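When the letters of the sequence shown are read in order and numbered with this note's numbering, they come out as residues -15 to 94. Glycine included, every Cβ here is placed at the ideal spot set by N, Cα and C. None of these values were measured; they are calculated from a predicted model.
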Amino acid sequence: MLLPQNIVLSALDSDTQVKTVEWHDLHLPVYAISRPDQMEGVALVIEGDDASQRFALMCNEMPKSIRLRISEIVDDESPVNDPTIFQLVRMGDETYHVPNLNKIQTSLGL
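See the structure below:
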C-alpha cells in the first residue's frame, strides 16, 4: 500500500482487536488491514476533509517510509475488484495499491 505521508497525522501503538482508537480526546473508528491473529499493531490516524472524517488504519507494524519522485510511479492497468483500492501502481519491480479513502470512510459510516 502507498499512502502520502501528509495524510498520516499520527502513529499509535495499539491493540488490534479494537473498534475505535483514542486520539486527542476523539474516538476514531478503526479500519483494520492487520492480520486477524495479531494482537498488537500500529494505528495510523488518517486525515479527512474535516475532523469528523478522520479514522485509524490498523496495521501489523509501523509502515516503511520512503522518499520517491512521482516520475518513479507508473499506473498498473490490471483490473481491481476491491472497492477499497483506488489504483494499482508500480515502482520498479514492485506493485502497490493506493487505497480508496472515500470508500473506506463510507464503510466506517463517516
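Tell whether a beta-carbon distance below 7 Å holds between V26 and M46. A contact, by the Cβ cut-off of 7 Å.
Taking only the alpha-carbon atoms, compute the straight-line gap between N(-10) and K3 and give it to the nearest angstrom. C-alpha separation (whole angstroms): 24 Å.
Distance between L(-4) and A16 (C-alpha atoms, nearest Å): Distance from the CA atom of A16 to the CA atom of L(-4), rounded to whole angstroms, is 14 Å.
According to the Cβ coordinates, are Q89 and Q22 closer than 7 Å? When the beta-carbon positions are compared, Q89 and Q22 stay at least 7 Å from each other.
Taking 7 Å as the threshold (C-beta atoms), are V82 and L178 in contact? Absent from the model: residue 178. The displayed extent of the chain is -15 to 94, so no value can be given.
Is T95 helix, strand or coil by DSSP? Nothing about residue 95 can be reported from this structure: the residues present for the chain run from -15 to 94 only.
C-alpha gap between S41 and S62, whole angstroms: It should be noted that the sequence gives Leu, not Ser, for residue 41. Note on geometry: alpha-carbon atoms of L41 and S62 lie some 25 Å from one another.
N- and C-terminal bounds of the beta strand (DSSP E) containing R74: Taken as a continuous stretch (DSSP letters only), the beta strand (DSSP E) holding R74 covers I69 to M75.
If you count every other CB in all the chains shown that lies within 10 Å of the CB of T79, and 16 or more means buried, which is it? Classification for T79: exposed.
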